[in-house]
Amino acid sequence: MKILTGNDLGSGAVTWWNGKGWSLFVDDAVDVGEDADEILARETAARRVNVPYAIEASIDAAGHVRPAHIKDRVRALGPTVRRDLAVPTAGKTGWDWVI
Amino acid sequence: MYQYDQYDQAMVDARVEEFRDQARRRLEGKLTEDQFKPLRLMNGLYLQLHAYMLRVAIPYGTLNARQMEALADIADKYDRGYGHFTTRQNIQYNWIKLDDAADALADLAKVEMHAIQTSGNCIRNISSDHFAGAAHDEVADPRPYAELLRQWSSFHPEFTYLPRKFKIAVIAAEKDRAAMRLHDIGIRILKNDAGEIGAQFYAGGGMGRTPMIAPLIRDFVPLDQLITYAEACLRVYNRYGRRDNKYKARIKILVHELGAAEYTRQVEEEFAHMLSAGVEPPREELARIAAYFNDPAFVDGPKTIDRSDPDFALWVDRNTHRHKHDAYVSAVISLKPVGGIPGDATSDQMRLVAKLARDYSFDELRVMHTQNLLLPHVRIADLPALWAALDAAGLGSPNMDTIEDIIACPGLDYCSLANARSIPLAQRITERFAANGRTGELGELKLKISGCINACGHHHAGHIGILGVDKKGTENYQLSLGGSEAEDVSLAKITGPGFDEDGVIAAVETVTDVYLGARQDGERFLDTYRRIGMEPFKEALYG
């Protein structure tokens with residue numbers, strides 16, 4: 001699947017395109033398929049998020065969205081060495097700290 | 001230490017308000033990221049993996065207790081209660097909001113600090129020997145010269161858009177504790193045969209993807225020509241440094257491609273021209289600056305230490321350094337607890353260190369390029385109390401220059417440029433060696449880890465270096481041996497094929513096994529490596 005990510009303009013926090021706006025939770029990311037370029041152009045022009053880009057991802061065995069590249073997996077969950085600063089998972093369970 | 005005059009303060013205050021307006025326009029959507037990015041970078045504000053990161057300059061690593069307390073307050077007020085001390089003697093905050101950035105800069109300005117020129121293609125923070133002004137072996141305190149260079153290079157109109165970033169280090173001892181020859185310009189203050197103090201210039205060193213050791217280009221520059229010579233070095237680089245390819249734009253490439261002799265010839269020609277132009281600041285300015293670095297009021301006192309507590313004695317042996325006054329030492333505050341994150345300090349730890357600086361070190365602190373802190377002037381009589389306070393706060397690890405004193409960049413846990421994580425390796429290696437009890441037996445062994453080829457973790461200069469690379473989307477680590485950033489400077493050589501995370505940790509242990517088996521009396525790891533060469537290590541690693 002193809003998903004969109006960027007960093008929030010004000011906080012710099014990692015965000016994911018959920019079909020209507022930008023979410024802090026990678027699990028909210030939706031497959032944008034062929035619409036990636038159009039959404040990126042629109043969102044870049046709106047200047048709400050920094051340098052949004054498209055990445056490949058999949059759904060893992062626990063049902064979570066798993067970015068294909070390690071850099072985006074670290075972005076999705078926060079520093080692996082500071083689990084106390086990890087991105088809140090909105091009450092969801094079953095996170096596998098994927099590296 | 002140096003204190004801002006009205007001009008310094010006015011410049012920094014004006015810059016804060018200028019940035020406040022730029023950030024507001026960005027948040028209102030009036031600036032694109034492409035337009036805003038160079039503006040925020042000029043103020044030390046990066047965008048990293050998880051958030052904006054603010055890099056604050058600590059000139060030549062020197063600060064006072066009030067400044068350290070301000071850094072702690074910023075960590076609490078605008079960040080997440082901690083900061084990261086870097087290999088350029090700076091501090092970085094990892095979770096700054098754009099909304100808050102100007103306020104953080106304003107708070108810094110109140111204590112004579114800023115984030116100007118901590119990014120971009122300009123002259124960066126001047127670094128120096130962390131023992132400056134305290135070391136027994138220096139010919140002079142290098143910080144007045146570093147400060148003069150800081151003032152010259154701040155907002156220098158000709159050098160605000162160089163081909164690439166530019167790093168300068170200044171030392172004043174034969175011992176190099178600032179990786180001087182791995183800088184774009186390295187300056188060593190020394191005395192000539194006539195007893196006059198001057199400056200030796202090296203140019204074209206650096207780490208990164210093309211590591212090079214700076215060659216000597218001038219044996220002695222009189223002090224009243226120091227800035228003029230530096231200006232000549234920069235002018236030749238600014239004129240001929242490549243701007244078409246960022247990977248070939250550092251001065252080291254220019255010096256290498258021209259040859260040191262030709263680069264020097266051009267610098268000398270420019271220098272002769274600049275001498276007639278009269279760009280050197282008046283000697284009175286250097287004298288004015290130097291007055292801020294006069295020795296504190298040292299007093300005589302005990303010169304011996306009660307070593308009955310073995311833990312305290314070990315800390316004294318490893319973490320204190322001989323001072324120019326025999327009743328004092330310099331004391332290293334380790335930011336490398338076993339299993340910890342190298343260079344990270346909580347706001348509470350920063351406040352404690354500030355208090356200890358007031359109580360025991362004439363209100364003075366240093367940030368070391370090894371990502372530790374330092375109290376430069378501690379009475380030997382005060383060491384037991386100091387150690388007790390540090391130990392209780394988790395800051396008393398006795399590990400300076402041992403395999404547990406690892407330099408590690410933020411790596412892929414934080415950095416948008418990184419290919420692999422550095423910090424977990426450092427954590428696991430310190431845990432491994434703390435558990436096997438070999439740290440002391442290994443003696444001086446400098447292990448440095450970078451998460452990408454940019455080499456912020458100085459892996460090229462590690463006795464053992466580790467470089468994280470991306471191998472088809474997974475982390476892989478290249479091991480290298482034989483580097484040194486000290487006066488016996490050398491660049492590490494890669495052992496062979498890389499390893500995964502578990503593999504490289506095992507490989508480090510294997511390498512130390514080879515060393516312990518081969519070393520002769522008194523040899524450090526580096527000495528043994530230089531004597532026996534790479535082959536025995538490769539044989540043990542790859543069979």
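Line by line, the protein sequences give chains A and B. The numbering used here puts the first sequence at residues 1 to 99. The numbering used here puts the second sequence at residues 1 to 543. Yeah, the Cβ is synthetic: ideal placement off N, Cα and C, and Gly gets one too.
Query	Result
Under 8 Å from the C-beta of residue 26(A): neighbouring residues of chain B	By Cβ distance, chain B contributes nothing, its closest Cβ being about 13 Å from residue 26(A), past 8 Å.
Of the listed residues 466(B), 6(B), 45(B) and 1(B), nearest to residue 20(B) (C-alpha basis)	45(B)
The segment 309-342 of chain B: positions lying closer than 7 Å to chain A by Cβ	341
Rounded Cβ spacing between residue 67(A) and residue 26(A) (contact assumed at less than 8 Å)	7 Å
Beta strand (DSSP E) segment containing residue 366(B), residue limits	364-367
Cβ of residue 15(A) within 8 Å of any chain B Cβ	no
As assigned by DSSP and simplified to three states, the class of residue 9(A)	coil
Residues that DSSP places opposite residue 466(B) in a beta bridge	449(B) and 479(B)
Minimum C-alpha distance to residue 410(B) - residue among 397(B), 456(B), 382(B) and 375(B)	456(B)
Beta-carbon neighbours of residue 85(A), restricted to chain B and to distances below 9 Å	50, 80, 94 and 95
Residue 43(A): first and last residue of the uninterrupted alpha helix (DSSP H) it sits in	36-46
Test: residue 65(A) CB closer than 8 Å to a CB of chain B	no
Own chain residues within Cβ distance below 8 Å of residue 439(B), not counting five before or after	399, 402, 403, 404 and 433
Every unbroken alpha helix (DSSP H) inside the segment 231-295 of chain B [4 residues or more]	251-258, 260-277 and 283-290
Selection of the segment 419-452 of chain B by Cβ proximity to chain A, strictly under 9 Å	419, 420, 421, 423, 424 and 427
Backbone secondary structure at residue 1(B) - three-state DSSP	coil
Residue 50(A): contacting residues in chain B (beta-carbon distance under 7 Å)	33 and 47
Anticipated Cβ contact below 8 Å, residue 340(B) with residue 427(B), distance rounded	7 Å
Chain-ordered chain B contacts of residue 2(A) [CB-CB under 9 Å]	Result: empty, since nearest Cβ-Cβ is about 17 Å, beyond 9 Å.
Delimiting residues of the alpha helix (DSSP H) encompassing residue 56(A)	Segment 49-59 is the beta strand (DSSP E) holding residue 56(A); no alpha helix (DSSP H) there.
Alpha helix (DSSP H) segment containing residue 316(B), residue limits	310-319
Other residues of its chain near residue 229(B): CB distance less than 7 Å, five sequence neighbours each side excluded	201, 218, 221 and 271
Simplified DSSP assignment, three categories, for residue 435(B)	helix
Closer than 8 Å to chain B by CB, residue 79(A)	yes
Listed by chain order, chain A residues near residue 502(B) by CB distance under 8 Å	Within chain A, no residue comes near residue 502(B); the closest Cβ sits about 12 Å away, beyond 8 Å.
C-alpha gap between residue 376(B) and residue 369(B), whole angstroms	15 Å
Where residue 42(A) meets chain B, residues with beta-carbon distance less than 9 Å	Simply none; closest approach about 14 Å.
Assigned secondary structure, residue 302(B) (DSSP; H/G/I helix, E/B strand, else coil)	coil
Beta strand (DSSP E) segment containing residue 548(B), residue limits	Residue 548(B) lies beyond the stretch modelled for chain B, which goes from 1 to 543, so this question has no answer here.
Within 8 Å, strictly: CB atoms of residue 49(B) and residue 74(A)	yes
Pairwise C-alpha distance: residue 420(B) and residue 168(B)	28 Å
Own chain, CB closer than 6 Å to residue 31(B), minus 5 neighbours either side, in chain order	25
Residues, ordered as in the chain, of the segment 135-162 of chain B that lie near chain A by beta-carbon distance below 7 Å	none
Residue nearest to residue 242(B) in terms of C-alpha spacing, selected from 163(B), 235(B), 459(B) and 59(B)	163(B)
With 16 other Cβ atoms within 10 Å as the buried cut-off, status of residue 20(A)	exposed
Classification of residue 442(B) by the beta-carbon crowding that lies within 10 angstroms, buried from 16 upward	buried
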